[in-house]
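Have a look at the structure below, then the notes.
Protein chains: 2
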Amino acid sequence: MALKVRKNQSGDVPYNCPLSECMAILGGAWTTNIIWFLSGGPRRFSELKHDLKGISAKMLATRLKELEAKRIIHREVLPTSPPSVEYNLTELGTELIPAINAIVEVGHKVKIWNGKT
Amino acid sequence: MALKVRKNQSGDVPYNCPLSECMAILGGAWTTNIIWFLSGGPRRFSELKHDLKGISAKMLATRLKELEAKRIIHREVLPTSPPSVEYNLTELGTELIPAINAIVEVGHKVKIWNGKT
DNA sequence: AAACTCGGTTACCATATGGAAACTTTATAA
DNA sequence: TTATAAAGTTTCCATATGGTAACCGAGTTT
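These protein sequences, in sequence, are chains P and E. First residue of the first sequence? That's 411 in the numbering used here, and the numbers climb one at a time after it. First residue of the second sequence? That's 411 in the numbering used here, and the numbers climb one at a time after it.
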């Protein structure tokens, strides 16, 4: 006899939307790391490049533009010479911090489970 | 005068490790959705395929194998006829749920900020 | 005048990602 | 006898992703 498809117990049926929507923000390479470093306060392009060891200028520029378009970060040109550019989290961006922290927490637990204490 | 690179205020310097490690688990397409649906209890291949509207069999099989290799989910063949296969979260997999929930929470907030109430 | 800094841009390229559709095996149902 | 279900696998293909390296303009220091 063929099996019946059981009702899913995790909640309402098309519930994947908020998850997918948020993962569309956090999904790209380096994205969570950028947000995490910005959670410490405003940061310039070259500072972020220094923070994110191994990131290319192209990748960093791409991600910063994406996050700016999604209103997660704010870009501000400072009247220094030469002009410098500072990035910081918007209010919406700040809302992401608890999720990032939760991911960091699990990251620690995964390391313990994998014996990398 | 050239600007000085300021010390980052978000914490210790090479702190990206747990974040990157966890994102390496959660990063692929559909991954968080699969974990979320499994958080409701064990689920068969075809049930998950039904849950995750639009996923291809290939993608689902790939992700399930990945998550099994990372000890996030457990695969069990049931002695039904035809044999069916049930997937469920391991203890380690269960540890991911708070992070997934945090992401879902932010997903809701993002929708509100974007005016999609 | 030459070199350097800042904040990128551009071109080129290799690989990774993921979709569509057809096929498989075992076994039961019509 | 034919069809269908479960749980994938396989092939083919298009696009997305991301790295390297060179380059740029404005301004500044040497």
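Backbone N, C-alpha and C define an ideal beta-carbon position, used for all residues, glycine too.
Between residue i and residue j, how many whole angstroms is the CB-CB distance? I'm expecting something under 8 Å.
i, j, result
"I445 of chain P", "G503 of chain P", "7 Å"
"A509 of chain E", "A434 of chain P", "Incorrect: roughly 17 Å between the Cβ atoms, too far for contact."
"L470 of chain P", "L458 of chain P", "6 Å"
"L448 of chain P", "N498 of chain P", "6 Å"
DSSP on residue i, reduced to helix/strand/coil?
i, result
"K521 of chain E", "helix"
"L413 of chain P", "coil"
"N418 of chain E", "coil"
"A509 of chain P", "helix"
"A434 of chain P", "helix"
Would a C-beta distance cut-off of 9 Å place residue i and residue j closer than the cut-off?
i, j, result
"T442 of chain P", "L413 of chain E", "no"
"P428 of chain P", "V495 of chain E", "no"
"K519 of chain P", "E505 of chain E", "yes"
"E476 of chain E", "G438 of chain E", "yes"
"R454 of chain E", "N418 of chain P", "no"
"W523 of chain P", "R481 of chain E", "yes"
Would you mind sorting residue i into buried or exposed? The rule is 16 or more other CB atoms within 10 Å of its CB.
i, result
"E501 of chain P", "exposed"
"R416 of chain P", "exposed"
"C432 of chain P", "buried"
"K468 of chain E", "exposed"
"I483 of chain P", "buried"
"P424 of chain E", "Model confidence at P424 of chain E stands at a pLDDT of 43, short of 50, so the residue's coordinates are unreliable; what they give is reported in the following sentence. P424 of chain E is exposed by the Cβ-count criterion."
Secondary structure, alpha helix (DSSP H): runs of 4+ residues fully inside the segment 441-507 of chain P: Given a length threshold of 4 residues, each whole run of the alpha helix (DSSP H) inside the segment 441-507 of chain P is given here in chain order: 441-448, 455-461, 467-479, 501-505.
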